[in-house]
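To keep things clear, I will list the structure first and then write my remarks on it.
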Amino acid sequence: MRGRGKLIALLAAAAALLWLLGGWYLPGPLDQDTEFVVAQGDSFGQVSAKLEELGATDQSGLFELRAKLLGGSAPIKAGTFMLPKGASQATILDILQGGKVIRRFVTVPEGMPSIMVKERLAAQANLAGEIAVPDEGSVLPDTYEIGVGESRKAVVARMQAAMDRTLKDLWANRSSRTVARTPREAVILASIVEKETGKPEERRLVAGLYSNRLRKGMMLQADPTIIYPITRGKPLGRRIRQSEIAAVNGYNTYAMVGLPSGPITNPGRASIEAVLNPADTDALYMVADGTGGHAFAATLEEHNRNVAKWFAIRRARGEL
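Taking the numbering used here, I'd label the letters of the sequence shown as residues 30 to 349.
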């Protein structure tokens with residue numbers, strides 16, 4: 030009888046071990062790949078409860094027991110994780126301890142106005158809190174990593190700090206050819222350059238052209254400065270009206286000499302560099318050339334010939 034009791038005890042122990050190991054290593058109940066968030070400061074007990082609620086484990090208490098006995102001592106990390114379909118409890122803990130988080134990014138492209146920066150951040154469901162429209166020209170266009178639950182204000186602050194650092198570095202290395210008297214003037218002029226050309230190779234030439242106009246006291250006559258007071262930088266979606274060309278405000282460079290009262294978008298690093306080191310050119314005029322770029326001219330006569338060529342291209346396209 031004593032031998033039989035020992036056998037029963039051994040069998041029971043073996044069954045308990047199999048139950049312990051099986052529940053740890055066998056596939057779990059997740060029926061699809063699922064995102065799982067561990068918030069900063071979550072305790073292991075809170076994470077276990079979330080896993081049970083998600084349906085990734087059967088019982089949080091058993092998961093905690095198995096993790097304590099079989100899972101090692103490494104802490105779990107905060108972040109967003111992808112738990113694969115059928116993940117075992119051992120796999121889940123390994124993922125959470127390994128810190129293989131899903132990284133999330135938000136991109137502000139060059140020339141995106143601040144009103145659209147606000148809209149882009151508002152559309153990020155993983156961010157928290159509300160923000161006002163950032164000051165125009167204060168955000169550096171770039172790609173930024175964002176954390177789950179991070180405040181939108183904190184993200185904007187990082188974008189603005191990046192602009193401050195970039196502007197400080199570029200201003201320190203400015204050329205004697207720049208017409209910008211202050212970093213703010215550099216940003217204002219760079220915002221016009223940003224909106225006037227989509228070709229990287231043209232930036233310094235466009236910056237040189239506008240620098241020449243400013244030196245000569247000529248109006249800049251940049252179409253995007255007409256549009257900005259109307260849409261705050263969003264596409265106009267129609268042709269500019271004559272009344273808008275004549276409108277007097279702090280931005281319209283068809284009705285004023287000098288720079289607008291503020292930036293008309295968030296310029297990228299390359300456009301700021303172009304303004305602070307413009308091309309040495311005699312160009313004063315430019316018009317589209319039909320290729321996505323511009324034809325530049327030093328005289329009005331040459332410019333008028335370029336304009337005639339552009340209108341011919343538009344007529345051939347059926348645009349006129």
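Beta carbons: idealized from backbone N, C-alpha and C, even for Gly.
Could you check what DSSP says for residue i in three-state terms: helix, strand or coil?
i           : result
residue 180 : strand
residue 109 : strand
residue 120 : helix
residue 219 : helix
residue 174 : strand
residue 51  : For residue 51, the pLDDT reaches just 48, beneath the cut-off of 50, and the residue's location in the model is therefore unreliable, although a value from the coordinates is still provided. The answer is helix: DSSP assigns residue 51 an H, G or I state.
residue 260 : helix
residue 326 : strand
residue 7   : Outside the displayed range of the chain (30 to 349) lies residue 7, so it cannot be described from this structure.
residue 349 : coil
residue 309 : coil
residue 163 : coil
residue 208 : coil
residue 185 : helix
residue 265 : coil
residue 248 : coil
From the options, pick the residue whose C-alpha is nearest to that of residue i; which is it?
i           : options               : result
residue 127 : 288, 253, 110 and 140 : 110
residue 313 : 199, 244 and 71       : 244
residue 291 : 96, 158 and 214       : 214
residue 190 : 236, 164 and 105      : 164
residue 242 : 140, 287 and 194      : 287
residue 74  : 61, 256 and 95        : 95
residue 293 : 269, 260 and 91       : 260
residue 166 : 203, 205 and 218      : 218
residue 69  : 264, 99 and 130       : 130
residue 194 : 212, 270 and 321      : 212
Just to confirm the assignment, what range does the alpha helix (DSSP H) spanning residue i have?
i           : result
residue 336 : 329–345
residue 75  : 73–83
residue 245 : 232–245
residue 272 : 271–274
residue 305 : 298–305
For residue i, I'd like the list of residues in its chain whose CB is within less than 7 Å of its CB, leaving aside the five on either flank, ordered along the chain.
i           : result
residue 173 : 134, 135, 184, 187 and 188
residue 282 : 248, 249, 250, 251, 254 and 289
residue 88  : 81
residue 84  : 58 and 59
residue 224 : 140, 253, 293 and 294
residue 192 : 167, 168 and 169
residue 334 : none
Determine the extent of the beta strand (DSSP E) in which residue i is found, giving its start and end residues.
i          : result
residue 64 : 63–67
Excluding five sequence neighbours on each side, which residues of the same chain lie with their C-beta closer than 8 Å to the C-beta of residue i?
i           : result
residue 181 : 150, 151, 153, 156, 157, 158, 159 and 160
residue 199 : 215, 298, 301, 302 and 305
Give me, in chain order, the residues of the same chain whose beta-carbon lies closer than 6 Å to that of residue i; leave out the 5 immediate sequence neighbours on both sides.
i           : result
residue 329 : none
residue 41  : Any reading at residue 41 must be qualified, since the residue scores a pLDDT of 47, below 50, and its modelled position is unreliable; no value is offered.
residue 308 : 233, 234 and 237
residue 318 : 324
residue 350 : In this structure the chain extends from 30 to 349, so residue 350 is not present and cannot be described.
residue 120 : none
Can you list the alpha helix (DSSP H) stretches of 4 or more residues lying completely in the segment 133–159, in chain order? 143–151
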